[in-house]
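Asker: Residue numbers (our numbering): 13 to 372. Glycine residues also receive a C-beta, built at the ideal position from the N, C-alpha and C atoms.
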Amino acid sequence: MAGWGGFLFSLLNYKTEKYVIAENRRIGILFRLYQLAVLGYIIGWVFVVKKGYQEKEEAIQSSVITKLKGVTLTNTSETGPYLWSAEDYVIPPNGEQVFFVVTNYIETPNQRLGFCAEVRIGRKLAFSESRKTGLCLNSTGTCEIHAWCPVEYNKRPAEPLLSDAENFTIYIKNFIRFPKFEFSKANVLETSDESYLKRCFYEKENHPYCPIFRLRDLVSSAGHDFQEMAVKGGSVGILIEWNCDLDKDYSLCNPQYSFTRLDINLNNSITSGYNFRYARYYKDQNGETYRTLYKVYGIRFDIMINGQAGKFNIVPTVIAIGSGVALLGAGAFACDMILLYMMNTSSFYRERKFEIINFK
13 MAGWGGFLFS
23 LLNYKTEKYV
33 IAENRRIGIL
43 FRLYQLAVLG
53 YIIGWVFVVK
63 KGYQEKEEAI
73 QSSVITKLKG
83 VTLTNTSETG
93 PYLWSAEDYV
103 IPPNGEQVFF
113 VVTNYIETPN
123 QRLGFCAEVR
133 IGRKLAFSES
143 RKTGLCLNST
153 GTCEIHAWCP
163 VEYNKRPAEP
173 LLSDAENFTI
183 YIKNFIRFPK
193 FEFSKANVLE
203 TSDESYLKRC
213 FYEKENHPYC
223 PIFRLRDLVS
233 SAGHDFQEMA
243 VKGGSVGILI
253 EWNCDLDKDY
263 SLCNPQYSFT
273 RLDINLNNSI
283 TSGYNFRYAR
293 YYKDQNGETY
303 RTLYKVYGIR
313 FDIMINGQAG
323 KFNIVPTVIA
333 IGSGVALLGA
343 GAFACDMILL
353 YMMNTSSFYR
363 ERKFEIINFK
């Protein structure tokens with residue numbers, strides 16, 4: 013009973029560690045430097061830079077609405093003067109996150125379904141939507157095809173027909189939400205000046221939060237010249253980055269814009285540029301269908317939304333502090349290993365560090 017009683021009473025004893033102070037300046041300096049490095053890492057990197065005391069959310073919910081403005085006049089030998097407005101040069105016209113702006117085109121008017129003799133013998137069909145009839149004339153060197161006639165002109169203008177498109181403006185309205193924190197905001201600057209949006213244009217230095225952009229400035233910010241890109245077309249990415257510290261004031265959560273060219277195969281490459289075809293169909297007085305075929309070149313804009321939000325939470329704070337304490341403990345262990353096994357006086361230190369009790 014005495015044995016069991018002694019054991020039970022020993023459970024109520026408080027045990028503490030016995031410390032051995034090693035008066036070794038080299039180890040002491042090394043240990044303090046390590047502690048300072050760990051503290052600098054925890055305070056500077058974990059808390060200040062990475063904000064390790066915050067709970068994070070990267071599942072941003074986003075909606076984008078775009079609106080383009082601007083008109084320009086073209087005058088071609090095929091159709092004469094034509095006034096282009098946003099309804100004509102923006103595809104699709106309903107303000108989506110990805111849109112295309114026409115800057116150059118090849119127009120083939122008054123095409124009717126019938127038979128043409130405009131493909132040379134021994135050459136592939138100039139237009140894919142046609143079929144050879146098998147009739148060919150050696151005298152003219154042409155074959156008859158069944159297609160929309162006349163076939164498409166294939167000479168692209170050397171200069172963009174819609175060169176004034178560089179002055180068109182785009183209004184980008186972006187609404188975002190971080191559901192975990194019930195936080196919502198738009199990229200439109202909150203101001204009491206009702207005329208601000210009528211006179212501002214985005215500038216990185218002077219107007220970084222104005223959501224109205226000139227197309228010329230977008231292409232220039234991506235590192236390219238608008239008039240050069242407008243000839244063959246291209247693709248430009250608009251990245252809107254939301255990095256919000258929700259421990260700060262609501263007004264300080266604002267987007268950052270960046271721009272890049274996405275079709276990375278640049279000049280002198282057969283894969284550079286952006287174009288496609290579409291047609292407008294009509295009926296004449298006799299009810300016969302005819303069309304105007306357009307091969308349009310232009311710039312495709314892709315608006316991409318990224319971001320994250322952070323807010324103070326006790327759980328990540330405790331985890332960050334705990335990892336720092338563990339790192340401090342690792343420093344003490346490393347210094348012990350040096351004293352015990354890597355110094356000339358290691359045997360002396362081991363005698364003082366460990367106490368052996370012999371029960372014999």
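1. Out of Tyr306, Tyr262 and Ile317, which has the shortest C-alpha to C-alpha gap to Trp160?
2. Please determine, among Met316, Arg211, Phe187 and Val327, the residue with the shortest C-alpha to C-alpha distance to Gln109.
3. Measure the CB-CB distance between Tyr286 and Gly235 and report whether it falls below 8 Å.
4. Measure the C-alpha to C-alpha separation of Arg124 and Asn298 and round it to an integer number of angstroms.
5. Applying the 10 Å Cβ sphere with the 16-neighbour rule, what's the burial state of Glu206?
6. Is DSSP giving Asp314 helix, strand or coil here?
7. Please report the residue range of the beta strand (DSSP E) in which Gln66 lies.
8. Taking DSSP as the reference, what is the three-state secondary structure of Leu340?
9. Would you call the segment 208-217 and the segment 250-258 in contact, with 3 or more CB pairs under 8 Å?
10. Give me the Cα-Cα distance between Leu173 and Gln268, rounded to the nearest whole angstrom.
11. Give me the Cβ distance between Val50 and Leu352, rounded to the nearest whole Å; I'm assuming they're in contact under 8 Å.
12. Round the Cβ separation of Lys311 and Thr115 to the nearest angstrom and send it over; I've been treating them as touching at under 8 Å.
13. From Gly92 to Val308, what does the alpha carbon distance come to, in whole angstroms?
14. On the CB-based measure, 16 or more other CB atoms within 10 Å of its CB, does Trp57 come out buried or exposed?
15. By DSSP's criteria, Thr86 is part of a beta bridge. Which residues make up the other side?
16. Less than 8 Å between the CB atoms is what I'm expecting for Tyr165 and Thr203, so what's the real figure, rounded?
17. Give me the Cα-Cα distance between Phe5 and Cys265, rounded to the nearest whole angstrom.
18. Do you know offhand how far Ser263's Cα is from Val163's?
19. How about Lys210 and Ala198: do their beta carbons lie closer than 8 Å?
20. State whether the segment 64-75 contacts the segment 317-327, with contact taken as three or more CB pairs (one from each stretch) at a distance under 8 Å.
21. Asn186 by DSSP, collapsed to three states: which one?
22. Check whether the Cβ atoms of Phe190 and Glu69 sit closer than 8 Å, and answer yes or no.
23. Around the Cβ of Val376, are there at least 16 other Cβ atoms within 10 angstroms (buried) or fewer (exposed)?
24. In the DSSP output, which residue or residues are listed as bridge partners for Ser270?
25. Alpha helix (DSSP H) containing Glu240: first to last residue?
26. What span of residues does the beta strand (DSSP E) with Phe225 cover, start to end?
27. Does DSSP classify Gln123 as helix, strand or coil?
28. Can you give me the C-alpha to C-alpha distance between Cys347 and Phe43, rounded to a whole angstrom?
29. For a test of the three-state rule: what should DSSP assign to Gln297, helix, strand or coil?
30. Looking only at C-alpha atoms, which of Thr86, Gly82 and Glu90 sits nearest to Glu99?
31. Going by the DSSP bridge assignment, what does Glu202 pair with across the sheet?
32. Return the chain-ordered list of same chain residues with a C-beta closer than 7 Å to the C-beta of Pro328, the five sequence neighbours on each side being excluded.
33. What is the rounded straight-line gap between the Cα of Ile39 and the Cα of Ile331?
34. Given a cut-off of 8 Å on the beta-carbon distance, is the pair Phe180 and Leu227 in contact?
35. So the candidates are Ser97, Pro223 and Gln239; which of them puts its Cα closest to the Cα of Leu201?
36. What is the rounded straight-line gap between the Cα of Asn36 and the Cα of Ala342?
Answerer: Based on what the coordinates show:
1. Tyr306
2. Met316
3. no
4. Approximately 13 Å between the Cα atoms of the pair.
5. So Glu206 ends up on the exposed side.
6. Residue state, collapsed to three classes: strand.
7. Gln66 to Glu69
8. In the structure shown, Leu340 adopts helical secondary structure according to DSSP, grouped into three states.
9. With the cut-off at 8 Å, the segment 208-217 and the segment 250-258 do not touch.
10. 33 Å
11. That belief does not hold up - the Cβ atoms of Val50 and Leu352 are roughly 22 Å apart, past 8 Å.
12. A quick correction: the sequence has Ile, not Lys, at residue 311. Right, the Cβ-Cβ distance comes to about 6 Å (below 8 Å), so this counts as a contact.
13. CA-CA distance, Gly92 to Val308, rounds to 17 Å.
14. exposed
15. According to DSSP, Thr86 bridges with Tyr94.
16. Rounded, the Cβ-Cβ distance is 50 Å, inconsistent with contact.
17. Since the first residue of the chain shown is 13 and the last is 372, residue 5 is not available in this structure.
18. 58 Å
19. no
20. yes
21. strand
22. yes
23. Residue 376 cannot be examined here, being either before or after the span of the chain that is shown, 13 to 372.
24. Ser270 is bridged to Leu251.
25. Phe238 to Lys244
26. Ile224 to Arg226
27. Here Gln123 sits in strand by DSSP.
28. 7 Å
29. coil
30. Gly82
31. Note: Glu202 sits in no beta bridge, so no partner.
32. Contacts found: Gly64, Tyr65, Gln66 and Glu67.
33. 29 Å
34. yes
35. Ranking the options by Cα distance to Leu201, first place goes to Pro223.
36. 19 Å
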